Amino acid sequence: MTERDIGILQRFLNELPEKMIGVGVKIGAIAIICLIGLRVIKILRKVMKGSLERAGAEKGVTQFMDSCMKIGLYILLAFIILSGFGVDTASIIAVVGSLGLTVGLALQNTLSNFAAGVLILIMKPFIVGDYIVEKVGDNEGTVLEIQLFYTKLATSDNRIAIIPNATLANNSLVNTTAQEYRRLDIRVGISYDADIGKAKNLVLNILKEDKGVAEEKEAVAFVDELGASAVMIGCRFWVKTGDYLPAKWRITEEIKNRFDEENISIPYEKLDIYLKT
2 MTERDIGILQ RFLNELPEKM IGVGVKIGAI AIICLIGLRV IKILRKVMKG
52 SLERAGAEKG VTQFMDSCMK IGLYILLAFI ILSGFGVDTA SIIAVVGSLG
102 LTVGLALQNT LSNFAAGVLI LIMKPFIVGD YIVEKVGDNE GTVLEIQLFY
152 TKLATSDNRI AIIPNATLAN NSLVNTTAQE YRRLDIRVGI SYDADIGKAK
202 NLVLNILKED KGVAEEKEAV AFVDELGASA VMIGCRFWVK TGDYLPAKWR
252 ITEEIKNRFD EENISIPYEK LDIYLKT
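All residue numbers for the sequence shown refer to the working numbering, where the first residue is 2 and numbers rise by one.
Have a look at this one:
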């Protein structure tokens with residue numbers, strides 16, 4: 002090793018502590034900025050949520066805006082941290098801009114889900130808390146969250162279904178809880194020998210006695226069909242949307258019990274076989 006090389010090495014070793022201190026200070030400052038930035042993001046999100054709730058915004062709108070704000074603030078914090086390390090953020094922005102078309106094509110489905118999420122919030126085919134049935138994928142459940150790119154449902158058997166917003170916006174669905182009341186139809190077959198008038202009156206009495214049946218809406222009982230082995234008695238009435246299934250189960254069971262008490266038989270299909278001898 003020459004004297005020149007020794008001199009260069011000695012200068013490097015002499016300057017190393019100062020450089021290490023400088024790098025350490027920069028890393029420490031960036032770490033502090035990162036911690037402060039994360040705290041500020043958390044506070045800003047909390048303030049925005051509170052403002053939207055006080056303004057009476059729907060829960061789905063609050064969730065969607067929170068997702069947008071979170072992603073935007075994280076991107077801003079990332080640019081600030083890169084600037085602290087001396088990275089030219091203007092160049093990064095220029096590169097990202099030039100790649101915008103390519104990224105847009107690659108993320109076409111993602112962007113369509115985002116646009117669909119905005120459309121759902123504007124048109125409001127459903128809101129958080131509604132029970133919806135999505136026809137194409139045969140998914141149904143209670144809406145838990147409406148996020149940037151997907152909607153989260155809780156199914157009746159306590160599973161979580163994640164459905165892209167574009168699927169919900171571009172296909173038919175049924176919102177079963179959008180209205181306060183739902184109409185409920187129940188059919189039961191009775192024997193051809195049974196008294197039709199008596200059967201209808203029994204059904205109407207059951208509907209009058211049940212507290213879940215809406216009194217202000219009409220309840221009717223009628224002969225719905227003359228079947229192969231039974232006269233089909235139908236009843237139509239209205240219940241609170243949240244009581245739809247319990248009312249169906251409750252009243253169906255009560256009809257069976259009352260018919261048994263009044264000796265009104267509910268026939269089952271029979272097949273008569275004749276043997277030629």
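Built from N, CA and C at the ideal position, the CB exists for glycine as well. Remember, it's a predicted structure, so these values are computed and weren't measured experimentally.
Nearest to residue 241 by CA position, among 184, 67, 70, 44, is which residue? 184
Quick one: give me the first and last residue of the alpha helix (DSSP H) that residue 260 is part of. That run of the alpha helix (DSSP H) goes 245 to 262.
Buried or exposed: which applies to residue 250, given that a residue is buried once 16 or more other Cβ atoms fall within 10 Å of its Cβ? exposed
Does the separation of the CB atoms of residue 191 and residue 255 fall below 7 angstroms? no
Tell me which residues share the same chain as residue 179 and place their Cβ nearer than 8 angstroms to its Cβ, disregarding the 5 neighbours each side in the sequence. 127, 131
Hey, quick one: how far does the beta strand (DSSP E) through residue 147 stretch, first residue to last? 140 to 147
How many angstroms separate the CA atom of residue 27 from the CA atom of residue 79? 16 angstroms
At least 3 beta-carbon pairs within less than 8 angstroms: the stretch 232 to 241 vs the stretch 212 to 224: yes
Does the Cβ-Cβ distance between residue 156 and residue 138 come in under 7 angstroms? no
Hey, quick one: how far does the beta strand (DSSP E) through residue 227 stretch, first residue to last? 221 to 227
Is the beta carbon of residue 65 less than 7 angstroms from the beta carbon of residue 115? no
Between residue 215 and residue 182, is the Cβ-Cβ spacing less than 7 angstroms? yes
From the beta carbon of residue 168, is the nearest beta carbon of chain B less than 7 angstroms away? Here chain B cannot be found, since the structure has a single protein chain.
Close Cβ partners of residue 209 (< 8 angstroms) along its chain, the five nearest in sequence each way excluded: 220
To the nearest angstrom, how far is the alpha carbon of residue 266 from that of residue 202? 15 angstroms
Whole-number beta carbon distance between residue 135 and residue 110, since they are thought to touch under 8 angstroms: About 17 angstroms; that fails the 8 angstroms criterion.
Thinking residue 121 and residue 166 are a contact (beta carbons under 8 angstroms), I'd like their distance in whole angstroms, please. 6 angstroms
If you draw a straight line from the C-alpha of residue 164 to the C-alpha of residue 58, how long is it? Residue 164 and residue 58: Cα-Cα distance of roughly 23 angstroms.
Could you spell out the range, first to last residue, of the beta strand (DSSP E) harbouring residue 176? Start and end: 174 to 176.
Straight-line CA distance for residue 159 to residue 145? Roughly 12 angstroms separates the two Cα atoms.
Alpha-carbon spacing of residue 51 relative to residue 84, whole angstroms: 32 angstroms
In terms of DSSP beta bridges, what is residue 74 paired with? DSSP output for residue 74 lists no bridge partner at all.
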